[in-house]
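Participant: In our numbering, the protein residues as written are 9 to 263. For glycine and all other residues, C-beta sits at the position ideal for the given N, C-alpha and C. I'd like to ask some things about the structure below.
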């Protein structure tokens, strides 16, 4: 265990996972601490509390970042425990301190998740890569996977400042990734307004996967910007139910 409180899992090659760099993690933390994505945290907490069969559930967040969303879920479920998995060292340090009932693991989401088969009641995946096979292994039959992806109009007012768009076939790719282990259950769009300063715009654009590239290209482009700027946040929250295994389905048929 690292002295900062998280466990590091290494790939078979012996290399530690590589995740978001420190600048991206710092940008994400600044945005979260300002409360700009609190509506999403509240929606995740409501969803997890609704779908969980037991209050004493294990909640997994894959690509958890700083652990902010998972901490919000655990606050809403006082008997639940959480595991945050992320590849970034700086994010894992934050997650290790995010909540007393949360364990933080630094690891590659494409490697084996350090949990027993079928032990997870609810898995979260927010703006992060996902390993469908591993998620299917650890989520119990009938359990729930909650996936959050940006909607087409997410941050559309800032489109002139960046070239990163939303993949128009993202939903189809998502369903293909998960189809063997999960069936779609529901989808809802969550939209809220952000009121951002110039520095916060830099942080919002800098916390994503192309953060370093975008922040370098923003130099000088925000000069003269009239603050504050009103920006739309829009995400799709999808729930998937874990399919029963062939053995479980056969047993159910016998009954």
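Considering only residues of the same chain and omitting the five flanking positions on each side of residue 100, which have a CB-CB separation below 7 Å?
Facilitator: Counting from one through the chain shown, the residue named residue 100 turns up at place 92. These residues qualify, in order along the chain: 14, 94, 112 and 114.
Participant: Can you find the residues in the same chain that come closer than 8 Å, C-beta to C-beta, to residue 250, ignoring five residues on each side of it along the sequence?
Facilitator: Stepping through the chain shown from its first residue, residue 250 is reached at position 242. Answer for residue 250: 144, 147, 148, 149, 150, 151, 152, 153, 189 and 190, listed in chain order.
Participant: When DSSP builds the beta bridges, which residues end up paired with residue 110?
Facilitator: Locating residue 110 in the chain shown gives position 102, where the first residue counts as 1. In the DSSP output, where bridge partners are listed per residue, residue 110 has 90.
Participant: With a 10 Å radius around its C-beta and 16 neighbouring C-beta atoms as the bar for buried, classify residue 216 as buried or exposed.
Facilitator: Along the chain shown, read from residue 1 onward, the residue named residue 216 stands at position 208. It is buried - the Cβ of residue 216 has at least 16 other Cβ atoms within 10 Å.
Participant: Going by beta carbon distance, what residues of the same chain come within less than 8 Å of residue 194, once the five residues before and after it are set aside?
Facilitator: The count along the chain shown starts at 1 and reaches residue 194 at position 186. Around residue 194: 246 and 247.
Participant: Counting Cβ pairs closer than 8 Å, one from the segment 112 to 131 and one from the segment 47 to 67, do we hit at least three?
Facilitator: yes
Participant: For residue 9, which residues from the same chain have a beta carbon less than 7 Å from its beta carbon, with the 5 sequence-adjacent residues on both sides left out?
Facilitator: Counting from 1 along the chain shown, the entry for residue 9 is found at position 1. With a pLDDT of only 45 at residue 9, under 50, the local geometry of the prediction cannot be trusted, and the value read off the model is given with reservation. Taken in chain order, the residues that qualify are 15.
Participant: Taking 7 Å as the limit between beta carbons, can you name the residues of its chain near residue 61, skipping five residues before and five after?
Facilitator: The residue you call residue 61 lines up with position 53 of the chain shown. The residues are 129.
Participant: Would residue 233 be called buried (16 or more neighbouring beta carbons within 10 Å of its own) or exposed?
Facilitator: By one-based count along the chain shown, residue 233 stands at place 225. Exposed, by the Cβ-count rule.
Participant: If you scan the segment 52 to 107 from start to end, which runs of the beta strand (DSSP E) of 3 or more residues do you find wholly inside it?
Facilitator: Segments of the beta strand (DSSP E) lying fully in the segment 52 to 107: 66 to 70 and 89 to 94.
Participant: Below 8 Å between beta carbons: does that hold for residue 48 and residue 81?
Facilitator: Numbered from its first residue, the chain shown carries residue 48 at position 40. Numbered from its first residue, the chain shown carries residue 81 at position 73. No, the Cβ-Cβ distance between residue 48 and residue 81 is not below 8 Å.
Participant: Ordered along the chain, which non-local residues of its own chain (more than five positions away) have a Cβ less than 8 Å from that of residue 197?
Facilitator: Sequence index remark: in the chain shown, residue 197 carries index 189 (1-based). Correct list, in chain order: 159, 242, 243, 244 and 245.
Participant: When DSSP labels each residue in this structure, what does residue 214 get in the three-state scheme?
Facilitator: Here residue 214 refers to the residue found at position 206 of the chain shown. Helix.
Participant: Rounded to whole angstroms, what's the CA-CA distance from residue 58 to residue 87? Just pull it up for me.
Facilitator: Numbered from 1 along the chain shown, position 50 holds the residue referred to as residue 58. Numbered from 1 along the chain shown, position 79 holds the residue referred to as residue 87. About 14 Å.
Participant: Span of the beta strand (DSSP E) holding residue 196?
Facilitator: One-based indexing of the chain shown puts residue 196 at position 188. Residues 190 to 204.
Participant: So what's residue 37 in DSSP terms, helix, strand or just coil?
Facilitator: What you label residue 37 is simply residue 29 of the chain shown in a count that begins at 1. In this structure, residue 37 counts as helix in the three-state DSSP scheme.
Participant: Are residue 136 and residue 31 closer than 8 Å when you measure CB to CB?
Facilitator: Within the chain shown, the letter at position 128 stands for residue 136. Within the chain shown, the letter at position 23 stands for residue 31. No.
Participant: Going straight from the alpha carbon of residue 103 to that of residue 213, what length do you get?
Facilitator: Translated into positions along the chain shown, residue 103 becomes position 95. Translated into positions along the chain shown, residue 213 becomes position 205. One C-alpha to the other measures close to 22 Å.
Participant: Out of curiosity, what's the CA-to-CA distance linking residue 109 and residue 119?
Facilitator: On the chain shown, residue 109 is found 101 positions in, with the first residue counted as 1. On the chain shown, residue 119 is found 111 positions in, with the first residue counted as 1. Answer to the nearest angstrom: the Cα atoms are 24 Å apart.
Participant: Cβ atoms of residue 205 and residue 235: under 8 Å apart, would you say?
Facilitator: Reading the chain shown from its first residue, position 227 is the one you call residue 235. Reading the chain shown from its first residue, position 197 is the one you call residue 205. In this structure, residue 205 lies closer than 8 Å to residue 235 by Cβ.
Participant: Spatial neighbours of residue 44 within its chain, please: CB distance less than 6 Å, with the 5 preceding and 5 following residues excluded, ordered by chain position.
Facilitator: Working through the chain shown from its first residue, we reach residue 44 at position 36. Apart from the 5 residues on each side of it in sequence, residue 44 sits with its Cβ closer than 6 Å to the Cβ of 202 in its chain, given in chain order.
Participant: For residue 97, does the count of other Cβ atoms within 10 angstroms reach 16, so buried, or fall short, so exposed?
Facilitator: Against the chain shown, residue 97 aligns to sequence position 89. Counting Cβ neighbours within 10 Å, residue 97 comes out buried, since at least 16 surround it.
Participant: For residue 259, count neighbouring Cβ atoms within 10 angstroms of its own Cβ and tell me buried if that reaches 16, exposed if not.
Facilitator: Taking the first residue of the chain shown as 1, we reach residue 259 at position 251. Unreliable placement is indicated for residue 259, whose pLDDT of 42 sits below 50; the coordinate value is still reported in the next sentence. Flag for residue 259 reads exposed.
Participant: Check this for me: beta carbons of residue 106 and residue 75, under 8 Å apart or not?
Facilitator: Stepping through the chain shown from its first residue, residue 106 is reached at position 98. Stepping through the chain shown from its first residue, residue 75 is reached at position 67. Cβ distance < 8 Å, so residue 106 and residue 75 count as in contact.
Participant: Assign residue 258 to one of three DSSP states: helix, strand, or coil.
Facilitator: Here residue 258 corresponds to residue number 250 of the chain shown, with the count starting at 1. Low per-residue confidence applies at residue 258: pLDDT is 47, beneath 50, and the placement is therefore not dependable, though the value from the model is reported in the following sentence. Of the three classes helix, strand and coil, the one that applies to residue 258 here is helix, per DSSP.
Participant: To the nearest angstrom, report how far apart residue 116 and residue 17 are at their CA atoms.
Facilitator: As a position in the chain shown, residue 116 is number 108, starting the count at 1. As a position in the chain shown, residue 17 is number 9, starting the count at 1. Their backbone Cα atoms lie some 8 Å apart in a straight line.
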